[in-house]
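Student: Just so you know, the sequences run in chain order A and B. Those letters in the first sequence? Residues 120 to 440, per my numbering, in order. Those letters in the second sequence? Residues 27 to 308, per my numbering, in order.
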Amino acid sequence: MSGKFVRLPAIFLALAVVGALLPNLLGSALVLTLLTQAVLSAILATGVGFLVRQNGLVSFGHAGFFGIGAYVVALCSTYHVMPIEAALLLAILAPAVLALLLGAAMLRLAGVAFSMLTLAVAQAFYELVLRWRGLANGDDGIAAQLPPRILGLDLGLFQQPGSMFTICWIALMLVLLGLSLLITSHFGTLTMAIRENEERARFIGYQTIVPRAVIYAISAAIAALAGVLFALYNGFVTPDVLYWSLSGEALVMAVIGGTRAVWGPALGALIFFLFKNAAGDLTEHWPAIIGGTLIVVTVLLPRGASGTISMLLERLGVRAS
Amino acid sequence: MLIQILNGLVYGGLLYVLAVGLVLIFGLRRVVNFAHGSLYMVGAYVGYTVAAIAGFWAGLVVSVLVLTVIGAILDRFVFRPLQDEDPIVTMLVTFGLLLVLEDVVRTIWGKDFLTLQPPPALSGVVLLSGTNFPVYRLAVIGVAVMVAVGLSLWLRLSRIGLYVRASSVDPLTTGMQGVDTERLSATVVAIGAGLAGLSGTISAPLVALSPSMGGYILIDSFVVVVTGGLGSFTGAFIAAMLIGQLHNLGVVFVPGAASMIPLVLMVMVLIWRPGGLIKAGA
């Protein structure tokens with residue numbers, strides 16, 4: 120047990136340092152902008168993938184939690200309801216609590232019904248923001264009136280690709296570290312057992328709804344963290360952040376990367392952005408490309424990139440021994 | 027008040043026609059068609075285009091036929107090859123289709139809102155409790171009632187209907203009894219998609235056409251299907267009527283938050299009866 124608590128943090132610390140140094144080595148503004156977006160999306164995709172991994176459930180509505188996180192930051196800072204630090208905390212906790220409550224009701228259903236409802240919940244929030252113009256200007260979007268200093272850092276640091284890349288990268292590493300420790304804990308193995316056979320876990324004497332709802336809440340909080348960082352980075356939020364094409368994008372990343380490894384979806388996000396960059400002029404038809412990719416990858420590459428890598432490594436290992 | 031209730035029945039009727047298609051497909055294939063709202067939207071656009079050339083009724087017939095064919099294709103090339111996979115795989119694929127179809131329609135017809143006029147024979151109004159109420163809306167309620175009656179007669183009295191009900195309860199055993207579930211599924215998915223086309227076209231004169239029009243009604247029809255009890259035809263009817271009324275009251279009294287009301291109802295029903303209102307197959 121003790122090895123895990125030394126080894127994993129060391130790996131992630133090393134990765135965090137490498138990532139933090141990267142902007143200085145690259146220098147190119149275009150590449151950095153792209154990478155910052157990629158890492159932001161990687162956090163969202165990690166949330167989506169973690170739900171698949173621990174609960175065996177697919178969410179078609181993580182844009183909902185991402186968007187709520189972003190809107191809470193924008194609205195709280197614009198109406199000066201509370202200090203920005205409190206707003207950031209609320210922006211992550213509110214979606215998590217919402218997911219916990221919804222999960223407690225929705226997880227009693229079959230997985231198929233759960234997936235339908237995740238989409239329904241996210242679209243309902245999309246419609247709410249779109250139609251209730253008094254709240255956040257509907258589809259015109261809302262500019263966040265952010266204070267000059269946040270968490271002791273200059274606002275500028277959050278809005279320049281170079282420094283924001285480092286912030287998002289460290290956030291991603293912390294999320295991955297947290298999840299890696301979580302999945303080997305008692306709670307992690309319990310939720311895996313429930314995923315494999317809910318009935319058996321219940322017969323052994325475990326309550327099976329609450330642990331799964333907690334996983335759903337953690338996954339929602341990760342998506343909301345990505346939304347918060349997005350709002351700080353852009354300073355402007357439109358209802359698009361709640362729309363189903365964003366949920367679709369996050370799913371594509373998780374599927375490309377594969378969900379068996381915690382880091383799979385994040386890898387998927389990086390591959391996705393390389394692909395998006397290569398698509399170039401086709402971005403006008405972006406939703407169709409996301410949809411098409413989702414179909415192709417789901418059918419042809421069910422393990423995803425991380426699954427394929429692990430499989431290759433295993434084979435090499437067998438040959439070496 | 028009568029007018030409000032009637033408007034609720036109009037939306038409830040449209041929802042029912044869409045949701046019952048989802049229930050049919052779920053019964054046979056055990057998958058949820060995330061592209062169902064897109065089929066509704068495509069139906070509305072096909073109806074709009076044909077109606078501009080050959081009149082409303084031709085638009086309605088062609089739209090239902092085109093969507094029925096699309097449904098058969100969907101079953102043959104998506105649901106059938108993927109039936110042995112995890113249902114998640116099929117859901118991901120239909121979700122991908124949703125994104126593709128929305129983009130295809132946006133490319134062909136553009137982003138701008140389009141409007142379709144109701145047929146001349148139904149464009150008048152009738153005086154109901156002191157208010158003018160469009161005849162077309164009454165006709166929509168009539169269509170929904172006809173679909174509901176027609177479907178339940180078909181499901182209860184015909185042999186294929188018996189197979190469909192049996193399959194909704196247990197597809198595996200039904201197959202073992204010698205029912206050709208493949209052919210049955212193709213028929214049922216085609217009917218489900220055809221109903222989405224019907225719902226799309228008859229709703230076209232009531233709402234503005236846009237590539238994202240399927241989104242709003244898809245949420246509500248998902249909520250209807252789950253609240254009614256996944257796989258229950260009667261449950262879908264009751265839930266559609268209930269949510270139609272609540273939606274309409276919401277639009278009148280809290281227009282900004284109307285989209286939240288069906289969700290609240292659903293969560294309450296699920297806490298009260300986790301399986302939904304009615305058991306599957308009924």
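Cβ atoms here follow ideal geometry from the backbone N, Cα and C, with glycine treated the same way. On a predicted model such as this, the values are computed, not experimentally measured, just so you know.
Between B:L393 and chain A, is there a C-beta pair that is closer than 8 angstroms?
Tutor: Past the edges of chain B, shown from 27 to 308, lies residue 393 of chain B, and the structure says nothing about it.
Student: Buried or exposed for A:T112, going by 16 or more other Cβ atoms inside 10 Å?
Tutor: Here chain A has residues from 120 to 440 only, and residue 112 of chain A is not among them.
Student: Do you know offhand how far B:R132's Cα is from B:V166's?
Tutor: In a straight line, the C-alpha of B:R132 is about 27 angstroms away from that of B:V166.
Student: Which runs of the beta strand (DSSP E) spanning at least 3 residues fall entirely within the region 172-198 of chain A, listed in chain order?
Tutor: Counting only runs of 3 or more, we get nothing.
Student: Can you list, in chain order, the stretches of the alpha helix (DSSP H) that have 4 or more residues and sit fully within the region 249-294 of chain A?
Tutor: Taking only runs of at least 4 residues, the alpha helix (DSSP H) segments lying wholly in the region 249-294 of chain A are 252-255, 274-278.
Student: Would B:P281 count as contacting chain A if we go by Cβ distances under 8 angstroms?
Tutor: Yes - at least one Cβ of chain A is within 8 angstroms of the one on B:P281.
Student: Which one of A:V360, A:L351, A:L389 has the shortest CA to CA distance from A:Q279?
Tutor: Comparing Cα-Cα distances from A:Q279 to each of A:V360, A:L351, A:L389, the minimum goes to A:L351.
Student: Using CA atoms only, rank isn't needed, just tell me which of B:D129, B:G39, B:V49 is closest to A:E403.
Tutor: Nearest C-alpha to A:E403: B:D129.
Student: Please classify A:D359 as buried or exposed, where buried requires at least 16 other C-beta atoms within 10 Å of its C-beta.
Tutor: Looking at its Cβ environment, which holds fewer than 16 other Cβ atoms inside 10 Å, A:D359 is exposed.
Student: To the nearest whole angstrom, what separates the beta carbons of A:I203 and A:P266, a pair I think is in contact under 8 angstroms?
Tutor: Yes, A:I203 and A:P266 are in contact; Cβ-Cβ is about 5 angstroms, under 8 angstroms.
Student: So the candidates are A:V248, A:M225, A:L272; which of them puts its Cα closest to the Cα of A:T237?
Tutor: Of A:V248, A:M225, A:L272, the residue nearest in Cα terms is A:M225.
Student: Which two residues bound the contiguous alpha helix (DSSP H) that contains B:N59?
Tutor: Counting along the chain, B:N59 falls outside any alpha helix (DSSP H), and DSSP gives it neither H nor E.
Student: Let me make sure I understand the geometry here. Which of B:T200, B:Q30, B:Y242, B:F105 has the alpha-carbon closest to that of B:L44?
Tutor: Taking only the C-alpha atoms, the option nearest B:L44 is B:Y242.
Student: Which residue's Cα is closest to the Cα of B:S211: B:L41, B:I228, B:L48?
Tutor: It is B:L48.
Student: Below 9 angstroms between beta carbons is the criterion; list the residues of the region 264-289 of chain A that meet it against any residue of chain B, in chain order.
Tutor: Residues passing the 9 angstroms Cβ filter: none.
Student: If you follow the alpha helix (DSSP H) that A:F391 is in, where does it begin and where does it stop?
Tutor: Taken as a continuous stretch (DSSP letters only), the alpha helix (DSSP H) holding A:F391 covers 383-398.
Student: Within this structure, are the beta carbons of B:L86 and B:T227 separated by less than 8 angstroms?
Tutor: For B:L86 and B:T227, yes; Cβs fall inside 8 angstroms.
Student: State yes or no: is the beta carbon of A:A407 nearer than 8 angstroms to at least one beta carbon in chain B?
Tutor: A:A407 counts as touching chain B.
Student: So, helix, strand or coil for B:N9, using DSSP?
Tutor: It is not possible to answer for residue 9 of chain B, since the shown part of chain B is limited to 27 through 308.
Student: Going along chain B, which residues have a C-beta under 8 angstroms from A:Q242?
Tutor: The contacting residues are G241, Y242, L244, I245, S285.
Student: Name the DSSP bridge partner or partners of B:L235?
Tutor: Bridge partners of B:L235: B:L140.
Student: Would B:E208 pass as an interface residue toward chain A - the criterion being a Cβ-Cβ separation below 8 angstroms?
Tutor: So no, B:E208 is outside the interface.
Student: Identify the continuous alpha helix (DSSP H) that holds B:P8 and give its terminal residues.
Tutor: Summary: the structure shown does not reach residue 8 of chain B, with chain B confined to residues 27 through 308, and so no result is reported for it.
Student: Have a look at A:V333 and A:A385 and give me their C-alpha separation to the nearest angstrom.
Tutor: Approximately 21 angstroms, taken between the alpha carbons.
Student: Note down, in chain order, each residue of its chain lying with its Cβ closer than 6 angstroms to the Cβ of A:V418, except the 5 sequence neighbours on either side.
Tutor: Closer than 6 angstroms at the Cβ level, and outside the excluded window around A:V418, lies no residue.
Student: Shortest alpha-carbon distance to B:S178 belongs to which of B:Y42, B:L28, B:L35?
Tutor: Ranking B:Y42, B:L28, B:L35 by Cα distance to B:S178 puts B:Y42 first.
Student: Indicate the three-state DSSP secondary structure (helix, strand or coil) for B:V152 in the structure shown.
Tutor: DSSP places B:V152 in strand when its eight states are reduced to three.
Student: Along the region 192-226 of chain A, where does the CB come closer than 9 angstroms to a CB of chain B? Name the residues.
Tutor: Correct list: L220, L221, A223, A224, M225.
Student: Would you say B:G302 and B:G255 are within 8 angstroms of each other, going by their C-beta atoms?
Tutor: Yes; because the gap between Cβ atoms is below 8 angstroms, this pair is in contact.
Student: Does any residue of chain A have a CB that is nearer than 8 angstroms to the CB of B:D129?
Tutor: Yes, because at least one Cβ of chain A sits closer than 8 angstroms to the Cβ of B:D129.
Student: Would a C-beta distance cut-off of 8 angstroms place B:V249 and B:M202 closer than the cut-off?
Tutor: In this structure, B:M202 does not lie closer than 8 angstroms to B:V249 by Cβ.
Student: Quick test of your reading: B:Q30 and B:V278, contact by CB under 8 angstroms. State the CB separation rounded to the nearest angstrom.
Tutor: Correct: roughly 7 angstroms between the Cβ atoms.
Student: Select from A:L219, A:S234, A:L153, A:I187 the residue whose C-alpha is nearest the C-alpha of A:I247.
Tutor: The question names Ile, but residue 247 of chain A in the sequence shown is Leu. Ranking the options by Cα distance to A:L247, first place goes to A:I187.
Student: Relative to the C-alpha of A:L163, which residue among A:L432, A:T327, A:A345, A:T427 is closest?
Tutor: Among A:L432, A:T327, A:A345, A:T427, the Cα nearest to that of A:L163 belongs to A:A345.
Student: Counting only C-beta atoms, is A:H181 closer than 8 angstroms to chain B at any point?
Tutor: With 8 angstroms as the cut-off, A:H181 does not count as an interface residue toward chain B.
Student: Rank B:M27, B:L127, B:F105, B:V58 by C-alpha distance to the C-alpha of B:Y66 and give the top, closest one.
Tutor: Per the Cα distances, B:L127.
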